[in-house]
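First comes the structure, then the notes that go with it.
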Amino acid sequence: MNTCVVGGGIIGALTAHALARKGFEVRVLDAERPGAATPASAGILFSIFDQTGEGAWASLARYGHAAYPELCSGIESETGFERRGLLIVGMESGRAAEWASAQGLGCETLSPSECRRRFPQLAVPERDVALLPEVAQIDPCRFIGTFRSRLRDEGVRWEVAQASRVLQDGNQVQGVSSGDQEWQAERVVIAAGAWSAELQEDAGLEPPVRPRRGQIVAWRSVEAGNLPIVLEGHRYLVARENGEVLAGATDEDVGFDAGVTGQAREELTGFARRWCPDLLAVEPDVQRAGLRPAGDASGPRIGAHDRIRGLFFNTGHYRYGIVCAPGAASQLVQSCLL
Ligand SMILES: Cc1cc2nc3c(=O)[nH]c(=O)nc-3n(C[C@H](O)[C@H](O)[C@H](O)COP(=O)(O)OP(=O)(O)OC[C@H]3O[C@@H](n4cnc5c(N)ncnc54)[C@H](O)[C@@H]3O)c2cc1C
Numbered sequence: 194m195n196t197c198v199v200g201g202g203i204i205g206a207l208t209a210h211a212l213a214r215k216g217f218e219v220r221v222l223d224a225e226r227p228g229a230a231t232p233a234s235a236g237i238l239f240s241i242f243d244q245t246g247e248g249a250w251a252s253l254a255r256y257g258h259a260a261y262p263e264l265c266s267g268i269e270s271e272t273g274f275e276r277r278g279l280l281i282v283g284m285e286s287g288r289a290a291e292w293a294s295a296q297g298l299g300c301e302t303l304s305p306s307e308c309r310r311r312f313p314q315l316a317v318p319e320r321d322v323a324l325l326p327e328v329a330q331i332d333p334c335r336f337i338g339t340f341r342s343r344l345r346d347e348g349v350r351w352e353v354a355q356a357s358r359v360l361q362d363g364n365q366v367q368g369v370s371s372g373d374q375e376w377q378a379e380r381v382v383i384a385a386g387a388w389s390a391e392l393q394e395d396a397g398l399e400p401p402v403r404p405r406r407g408q409i410v411a412w413r414s415v416e417a418g419n420l421p422i423v424l425e426g427h428r429y430l431v432a433r434e435n436g437e438v439l440a441g442a443t444d445e446d447v448g449f450d451a452g453v454t455g456q457a458r459e460e461l462t463g464f465a466r467r468w469c470p471d472l473l474a475v476e477p478d479v480q481r482a483g484l485r486p487a488g489d490a491s492g493p494r495i496g497a498h499d500r501i502r503g504l505f506f507n508t509g510h511y512r513y514g515i516v517c518a519p520g521a522a523s524q525l526v527q528s529c530l531l
């Protein structure tokens, strides 16, 4: 059962893993394009901007929340898996508690003085805040590096190549080509992130996936102690045990431009310093951008093409691709087995 996965970000990598575990022979083609979303991502394992608690995003996020501890078991420090919790400072604490409960997570309400006592590195909030202690995170860049070795051990072949066409005979997939080179496959899974629509002409991906740029800034070697993820509106802070603290993220409609801007640096740095004035007083060391694959509001595109046999999609995970990846991979495998 020869399957070719186009794209080696978090979605392609976890899809390859799930397929290999079901006995599929898997090859991943990854073009290593600048601006890929996964290496730029914060790695928060909670759908922090989706407050509905229902629908496709929420159920995939719940799946991911449950799956990551096992995926990272024994390799926590290599993957940056940590359960620091999520402190929601930009929302009335009762509403945050309802949101947590819809996701099946516990929530504590902290008064400003209790918050100060627990997290002295943070500015004191003006009102009660909500802490979701079970929320975890990974470092997506380190996760994907570590996970590639696991894929090799599982027999997945990994090629650095940019797929240019899906090969078809009538309405049956035959494989993928990259320039003169061809890889025959009974199944092709398009998991090429924001670039998924490039193969659209062959695949007829509707609605098309489009890029949404996200920028972050980061500090290295910060003694952040037990700092949880801090969420205020559309801004957040994430500390890692390796000393990195990052502030994110913008959400911009600028096509495939994966450059960074002075305006984003200023805004994100200002946000970070408002919450950690002493810790983050120096200039950030890093600024980077990634192109999120945005589909439509109803959720990602996971499953079989309706006309072309052997063609599958796993794309359009927008702001939640890290937390949703294990569930999306599992769903994709189910449709391959039908
Ligand atoms: C700043 C930022 C912060 C984020 N924070 C979070 C978060 O905290 N939690 C969360 O859940 N999500 C977060 N996200 C969203 C998440 O990163 C994305 O949804 C997810 O990484 C998408 O993964 P992907 O594999 O689909 O795409 P990508 O990671 O972009 O991977 C696509 C891959 O396909 C390859 N490719 C493209 N075209 C071809 C081709 N023709 N042939 C071969 N290979 C090809 C590319 O080289 C790339 O490696 C964030 C995103 C950004 C930008």
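The letter at position 39 of the sequence shown is residue 232 when you use our numbering, and the numbering goes up by one with no holes.
Each residue gets a CB set at the ideal place from its N, CA and C atoms; glycine is no exception.
Report whether the distance from the Cβ of E391 to the nearest heavy atom of ligand 1 is below 7 Å.
Stepping through the sequence shown from its first residue, residue 391 is reached at position 198. Yes.
If you check the beta carbons only, do P486 and T462 fall under 8 Å apart?
Your numbering for residue 486 matches position 293 in the sequence shown. Your numbering for residue 462 matches position 269 in the sequence shown. No, Cβ-Cβ distance for P486 and T462 is not below 8 Å.
Going by the beta-carbon positions, is the gap between I422 and R276 smaller than 8 Å?
Here residue 422 corresponds to residue number 229 of the sequence shown, with the count starting at 1. Here residue 276 corresponds to residue number 83 of the sequence shown, with the count starting at 1. Not a contact, by the Cβ cut-off of 8 Å.
Find out if the Cβ-Cβ distance for the pair A432, Q408 is shorter than 8 Å.
Taking the sequence shown and counting its residues from 1, one reaches residue 432 at position 239. Taking the sequence shown and counting its residues from 1, one reaches residue 408 at position 215. No, the pair does not count as a contact, with Cβ atoms beyond the cut-off.
Put V475 into one of helix, strand or coil per three-state DSSP.
Your numbering for residue 475 matches position 282 in the sequence shown. Annotated three-state conformation of V475 is coil, per DSSP.
Paired residues, beta bridge with D489 - DSSP
If you number the sequence shown from 1, residue 489 lands on position 296. G492, per the DSSP bridge assignment.
Three-state secondary structure (DSSP) of F336:
One-based indexing of the sequence shown puts residue 336 at position 143. Collapsing the DSSP output to three states places F336 in a helix.
Which complete beta strand (DSSP E) runs does the stretch 423-453 hold, if anything under 3 residues is left out?
Within the stretch 423-453, the beta strand (DSSP E) runs of at least 3 residues that lie entirely inside it are, in chain order, 428-432 and 438-441.
For H210, three-class secondary structure by DSSP
Translated into the one-based positions of the sequence shown, residue 210 becomes position 17. Residue state, collapsed to three classes: helix.
Enclosing beta strand (DSSP E) for F312 [first to last residue]
One-based indexing of the sequence shown puts residue 312 at position 119. For F312, no beta strand (DSSP E) encloses it, and the DSSP letter there is neither H nor E.
Exposure label - V479; buried when at least 16 CB within 10 Å:
On the sequence shown, position 286 is the one that residue 479 refers to. Result: exposed.
Between A329, R403, G488 and W468, which has its C-alpha nearest E263's C-alpha?
Stepping through the sequence shown from its first residue, residue 263 is reached at position 70. Ranked by how close their Cα comes to the Cα of E263, the residues A329, R403, G488 and W468 have A329 in first place.
Locate the alpha helix (DSSP H) running through P262, then write down its first and last residues.
Here residue 262 refers to the residue found at position 69 when the sequence shown is read from its first residue. Per DSSP, P262 belongs to the alpha helix (DSSP H) from G248 to L264.
What runs of the alpha helix (DSSP H), each 4 residues or longer, lie entirely inside the stretch 348-426?
For the stretch 348-426, the full-length alpha helix (DSSP H) segments reaching 4 residues or more read 393-396 along the chain.
Complete beta strand (DSSP E) runs within the stretch 492-516 (minimum length 3 residues, chain order):
Fully enclosed beta strand (DSSP E) runs of 3 or longer: 494-497 and 504-508.
At what residues does the beta strand (DSSP E) containing L325 begin and finish?
Taking the first residue of the sequence shown as position 1, residue 325 is located at position 132. Element bounds for L325: V322 to L325.
Closer than 8 Å is the cut-off here; do at least three beta carbon pairs connect the stretch 331-339 with the stretch 298-312?
Result no; under three Cβ-Cβ pairs closer than 8 Å.
D223 - partner residues in DSSP beta bridges
Along the sequence shown, one-based indexing puts residue 223 at 30. Looking at the DSSP output, D223 bridges to V353.
Does the beta-carbon of V516, which I'm using as the reference point, lie nearer than 7 Å to any heavy atom of ligand 1?
Translated into the one-based positions of the sequence shown, residue 516 becomes position 323. Yes - ligand 1 has a heavy atom lying nearer than 7 Å to the Cβ of V516.
Quick one: does the C-beta of P486 sit closer than 7 Å to a heavy atom of ligand 1?
Start at 1 with the first residue of the sequence shown, and residue 486 comes out as number 293. Checking every heavy atom of ligand 1 against the Cβ of P486, one is found closer than 7 Å.
Would A451 and P227 be called neighbours here (beta carbons separated by less than 8 Å)?
One-based indexing of the sequence shown puts residue 451 at position 258. One-based indexing of the sequence shown puts residue 227 at position 34. Their beta carbons are under 8 Å apart, which means A451 touches P227 by this criterion.
Under three-state DSSP, which class holds E275?
Here residue 275 corresponds to residue number 82 of the sequence shown, with the count starting at 1. Residue state, collapsed to three classes: strand.
Of the residues H258, I501 and L315, the one placed nearest I281, counting alpha carbons only
By one-based count along the sequence shown, residue 281 stands at place 88. That would be L315, whose Cα lies nearest to the Cα of I281.
Selected residue, minimal CA-CA separation from Q524, among L430, P493 and R512:
To locate residue 524, count along the sequence shown from 1; it is residue 331. Looking at the Cα atoms, P493 is the closest of the given residues.
Determine, using beta carbons only, whether G134 and A482 come nearer to each other than 8 Å.
The structure shown has nothing for residue 134, since the chain only spans 194 to 531.
DSSP beta-bridge partners for A482?
Residue mapping note: residue 482 aligns to position 289 of the sequence shown, counting from 1. Answer is Q408.
Three-state secondary structure assigned by DSSP to L538
The chain is shown only over 194 to 531; residue 538 falls outside these bounds and no answer can be derived.
Would you identify the three-state DSSP class for L461, choosing helix, strand or coil?
In the sequence shown, residue 461 corresponds to position 268, counting from 1. Of the three classes helix, strand and coil, the one that applies to L461 here is helix, per DSSP.
In chain order, what residues of the same chain lie with their CB nearer than 6 Å to the CB of R458, ignoring the 5 residues before and after it?
Reading the sequence shown from its first residue, position 265 is the one you call residue 458. By the criterion of a C-beta distance shorter than 6 Å, R458 is surrounded in its chain by V410 and Q480, once the five residues flanking it on both sides are discounted.
Helix or strand or just coil, what does DSSP make of L531?
Your numbering for residue 531 matches position 338 in the sequence shown. If DSSP states are grouped into helix, strand and coil, L531 belongs with coil.
Spatial neighbours of V453 within its chain, please: C-beta separation below 7 Å, excluding the five flanking residues on both sides.
As a position in the sequence shown, residue 453 is number 260, starting the count at 1. Cβ within range, chain order: Q408, Q480, R481 and A482.
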